[in-house]
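Protein chains: 2
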Amino acid sequence: MKVKLRTLAISMTLIGAIGAPTFAAEELVKPIQPPKSINLGMAELGKKLYFDPRLSKSGFISCNSCHNLSMGGADNLPTSIGHNWQQGPINAPTVLNSSLNVAQFWDGRAPDLKAQAGGPIANPGEMAFTHELAVHVLETIPEYVREFKMVFGKDKIDIDQVTTAIAEFEKTLVTPNSRFDQWLLGKKDALTADELAGWKLFKESGCVACHNGENLGGTSFQKMGIVEPYKAKSPAEGRVAVTGKDADRFSFKVPTLRNVELTYPYFHDGAVWTLKEAVDIMGRLQLGRKFTEKENAQIVAFLKTLTGEQPRFTLPILPPSSDKTPRPQPFGK
Amino acid sequence: MKVKLRTLAISMTLIGAIGAPTFAAEELVKPIQPPKSINLGMAELGKKLYFDPRLSKSGFISCNSCHNLSMGGADNLPTSIGHNWQQGPINAPTVLNSSLNVAQFWDGRAPDLKAQAGGPIANPGEMAFTHELAVHVLETIPEYVREFKMVFGKDKIDIDQVTTAIAEFEKTLVTPNSRFDQWLLGKKDALTADELAGWKLFKESGCVACHNGENLGGTSFQKMGIVEPYKAKSPAEGRVAVTGKDADRFSFKVPTLRNVELTYPYFHDGAVWTLKEAVDIMGRLQLGRKFTEKENAQIVAFLKTLTGEQPRFTLPILPPSSDKTPRPQPFGK
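Which chain is which? The protein sequence lines are A and B, in order.
Residues in the first sequence are numbered from 1 upward in steps of one, following this note's numbering.
Residues in the second sequence are numbered from 334 upward in steps of one, following this note's numbering.
As structure tokens, this is what we get:
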């Protein structure tokens, strides 16, 4: 019975993911490619904006606060801390390799990075600002005014330019050259026997049905709790919020497994802190399979080979505010 | 009358600052020297710790949260945001060039950077952790264990090593080669006529009596409000908290003017956002002198020549927690 259920689950998810029930697992996972077409001036501007807390009401929270590039592009908290220490409803997904995802946010409500970037700025529970105020701050900072003009060739900054620049920077945040990618590219001694056994299990037990593509995830939406329901600590209901379809309740974007060693805690509610527990739960709830201790350890060993080269760059120096810059409002008002 | 008062104030502060009522102003200010003896391995470890929010209870606040190296080593807020969004009592001073200060904190209660570094970690209003818990977090992170051992040659991490490493990193955070320093070192066209006029005013009106040394400040404690009282928005009473002497009430460490263009808002209560207003208040309250619009603009122009080369370094990548690492407690508990 369990086997049957598992097979069914795999077939369903494969159909959802790639539209065909074949199982050419090696081809389902590909090494990450460094980005091929980056506007460097725009990415450099985007990097500053990504680190600039003046895009928040408080002047304290930047993109990097919750998608911390020192920490796997996440905040390593179950759910994030927003303006006035509000508790977020969902785990902050990593920004690393997010350009490879089919859509952004757990429910996929943003089609791309640019659309995503505007969300937290204006979310009252996150940066608690407005697009208008954020743009107004930027246009009072002479160095930004010059840099936007250089990059976009326009006399006036707008939110579209802001999110375009942030998205361009985020496109650079890929992590190639993990040991697994080295192995995929032909370095046959890049993985140990246990790691290879983990990869084999990952394929054969059906993990790869959802965690596939360059990003080992991010290619489809899947129900959390196929074989057994998942008792989430988060009120989020997933994809249904976007499609309105009852069938999409508790369906979430499959998260990437790239750098998963760095992006704890796991799942959309951030309830699980260890890969061991995450693998166990995924096996039982999604595949109807209870991995043995040894199998679990092998899969975890494989997952740790997915840690790629982290983006290395100089911390940006932000241009100073001018006397005309509106002041942050961290407390009250 | 005003002139007499001013002369008195200058003489008093000169005696306080350098112990002699001479007025060799050029010699009172010196160019910043790059640090001459840095333990690079220790500084690299310290950089990671400086950026690591796991030294806080919430897992969200690091040294860099309030002494942000993208923003002049400060947070550009009147007073800082601490654990649970608590409002701090005083403006966060810049970490830049802080190794050149005679002591740390506005009241000088820490004799050096090492003593300072332990303060915020254990302050319930800031990082809200304890030294014991911070060390316990670090000793569960294998990469940190190895790096501490490499740097300190001991089998066990302790808080003394943690603060020593952070202080070593902070020693690297000097900002040489400002335009003013280039001028001091002989590049006579480094300053404009207005900037030079500002420097002349800065010396002759007595600013340099307190704002002297390599750091144009940080060499002495002085009363805030010599000629006229300062109506502070902060409850802090300054140096009296350390010495217990009533004469030290409202006496604060003279802040550095290095990079002052970047370290707004100003004064220990962060009440003033523009250099124009800060110069006006300082003139009236400390020197009994009302600068004209033109004089004020010239002094501000001079102050902006004190922006040095900001520390440029690669954003550190932090080692991941292990399954044994205690979890952050951002909410409740």
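We treat Cβ as the ideally placed atom computed from N, Cα and C, and that holds for glycine.
Item	Value
Report the residue ranges of all alpha helix (DSSP H) runs contained in full by the stretch 129–212 of chain A; include only those spanning at least 4 residues, in chain order.	131–139, 142–152, 159–171, 179–184 and 193–204
Provide the residue(s) that pair with residue 362 (chain B) in DSSP beta bridges, ordered along the chain.	B:546
Contact criterion: CB-CB distance below 7 Å. Does residue 39 (chain A) meet it with respect to chain B?	no
If the cut is a Cβ gap below 7 Å, which residues of chain A does residue 404 (chain B) touch?	318
Can you tell which of B:491, B:516 and B:587 has its C-alpha closest to the C-alpha of residue 571 (chain B)?	B:587
Residues of the stretch 77–93 of chain A in Cβ contact with chain B at a cutoff of 7 Å, in chain order, please.	77, 81, 84, 85 and 87
Take residue 385 (chain B) as the anchor and find which of B:399, B:594, B:516 and B:504 has the nearest alpha-carbon.	B:399
Would you give the residue range spanned by the alpha helix (DSSP H) that residue 619 (chain B) belongs to?	608–620
With a Cβ-Cβ cutoff of 7 Å, do residue 259 (chain A) and residue 69 (chain A) count as a contact?	no
Quick one: which chain A residues come within Cβ less than 7 Å of residue 648 (chain B)?	69, 70, 313 and 315
Name the two residues that bound the continuous alpha helix (DSSP H) containing residue 631 (chain B).	626–636
Give a yes or no on contact between the stretch 305–318 of chain A and the stretch 176–193 of chain A, applying the rule of three or more CB pairs nearer than 8 Å.	yes
Which of the three DSSP states is assigned to residue 68 (chain A) in this structure?	strand
Might you give, ordered along the chain, the residues of its own chain that have their beta carbon closer than 8 Å to the beta carbon of residue 613 (chain B), omitting 5 neighbours on each side?	623, 624 and 629
For residue 322 (chain A), which residues from the same chain have a beta carbon less than 8 Å from its beta carbon, with the 5 sequence-adjacent residues on both sides left out?	140, 141 and 142
Whose Cβ in chain A lies nearer than 8 Å to the Cβ of residue 392 (chain B)?	75, 76 and 77
When we look at the beta-carbon of residue 651 (chain B) and count the other beta-carbons within 10 Å, is it buried (16 or more) or exposed?	buried
Buried or exposed for residue 392 (chain B), please, with buried defined as at least 16 other CB atoms from any protein chain shown within 10 angstroms of its CB.	buried
Determine the burial state of residue 376 (chain A): buried for a count of at least 16 other Cβ atoms within 10 Å of its Cβ, exposed for fewer.	Since the first and last residues shown for chain A are 1 and 333, residue 376 (chain A) lies out of range.
Roughly how many angstroms lie between the CA atoms of residue 234 (chain A) and residue 661 (chain B), to the nearest whole one?	18 Å
Tell me the rounded alpha-carbon separation between residue 278 (chain A) and residue 477 (chain B).	25 Å
Chain B partners of residue 144 (chain A), CB-CB under 7 Å?	Correct list: empty, because the minimum Cβ distance to chain B is about 14 Å.
Which bits of chain D does residue 239 (chain A) rub up against, with CB to CB less than 7 Å?	In summary, chain D is missing from the structure at hand, where the protein chains are A and B.
Just grab the DSSP bridge partners of residue 419 (chain B) for me.	B:415
Let me check one thing: in DSSP terms, what residues is residue 74 (chain A) bridge-paired to?	A:68
Whole angstroms are fine: how far does the CA of residue 405 (chain B) sit from the CA of residue 642 (chain B)?	10 Å
Locate the alpha helix (DSSP H) running through residue 116 (chain A), then write down its first and last residues.	113–122
Helix, strand or coil: how does DSSP classify residue 585 (chain B) here?	strand
Contact check, residue 658 (chain B) vs residue 427 (chain B) under 8 Å by CB: the rounded distance?	No, residue 658 (chain B) and residue 427 (chain B) are not in contact; Cβ-Cβ is about 32 Å, not under 8 Å.
Once DSSP output is grouped into helix, strand and coil, what is the label at residue 571 (chain B)?	strand
Below 8 Å on the Cβ atoms is my contact criterion, and I expect residue 298 (chain A) with residue 217 (chain A) to pass it. Report the Cβ-Cβ distance as a whole number of Å.	About 19 Å separates the two Cβ atoms, so there is no contact after all.
According to DSSP, is residue 331 (chain A) part of a helix, a strand, or is it coil?	coil
Would you call the stretch 459–473 of chain B in contact with the stretch 410–422 of chain B, where contact means no fewer than 3 C-beta pairs closer than 8 Å?	yes
Grab the span of the beta strand (DSSP E) containing residue 323 (chain B) for me, first residue to last.	Look at the range of chain B in this structure, 334 to 666, and you will see that residue 323 (chain B) is not part of it.
Which same chain residues end up closer than 6 Å to residue 61 (chain A) when comparing Cβ atoms and leaving out the 5 residues on each side of it in sequence?	53 and 127
Does DSSP classify residue 436 (chain B) as helix, strand or coil?	coil
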